[in-house]
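Q: Supplied in structure tokens, the structure appears directly below.
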Amino acid sequence: MEVFFKLFFNTFMGGTPVLTGTRVPVQTLLDYLKAGESINDFLDGFPTVTREQVIALLSEAQKQLL
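If you count by the numbering used here, then the sequence shown holds residues 17 to 82, one letter each, in order.
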């Protein structure tokens with residue numbers, strides 16, 4: 017789990033994990049997906065995040081949880 021944090025959200029903003037190299041909280045991505053929005057919708061709203069970051073984060077989360 018430690019590697020997961022370093023790779024994807026080793027930066028914190030006020031204690032909230034953010035996607036590495038951005039100020040976008042991981043929770044924001046999860047909120048978009050929970051609301052039925054697409055990854056493209058999220059990326060349109062947050063141009064500092066790459067598709068590769070989102071896919072890698074979700075893939076690693078899946079590995080960690082399943």
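A virtual CB, placed ideally from N, CA and C, is assigned to each residue, including glycine. Source: prediction; values computed, not measured.
Compute the Euclidean distance between the alpha carbons of glycine 52 and valine 70, then round it to the nearest angstrom.
A: The residue you call residue 52 lines up with position 36 of the sequence shown. The residue you call residue 70 lines up with position 54 of the sequence shown. Roughly 15 angstroms between the two C-alpha positions.
Q: Is the CB-CB distance between threonine 38 and threonine 64 below 7 angstroms?
A: Position 22 of the sequence shown, counted from the start, is the residue given in the question as residue 38. Position 48 of the sequence shown, counted from the start, is the residue given in the question as residue 64. Cβ atoms of threonine 38 and threonine 64: closer than 7 angstroms.
Q: Just to confirm the assignment, what range does the beta strand (DSSP E) spanning valine 34 have?
A: Sequence index remark: in the sequence shown, residue 34 carries index 18 (1-based). It spans 32-34 - the beta strand (DSSP E) in which valine 34 sits, taken as one unbroken run.
Q: Using only the alpha-carbon positions, how far apart do serine 75 and proline 41 sit?
A: As a working mapping, residue 75 is identified with position 59 in the sequence shown. As a working mapping, residue 41 is identified with position 25 in the sequence shown. Computed Cα separation, rounded: 17 angstroms.
Q: Check whether the Cβ atoms of leucine 73 and phenylalanine 58 sit closer than 7 angstroms, and answer yes or no.
A: By 1-based counting over the sequence shown, the position of residue 73 is 57. By 1-based counting over the sequence shown, the position of residue 58 is 42. No.
Q: Look at the alpha carbon of isoleucine 55 and the alpha carbon of threonine 36, and state the distance between them as a whole number of angstroms.
A: To locate residue 55, count along the sequence shown from 1; it is residue 39. To locate residue 36, count along the sequence shown from 1; it is residue 20. Approximately 17 angstroms between the Cα atoms of the pair.
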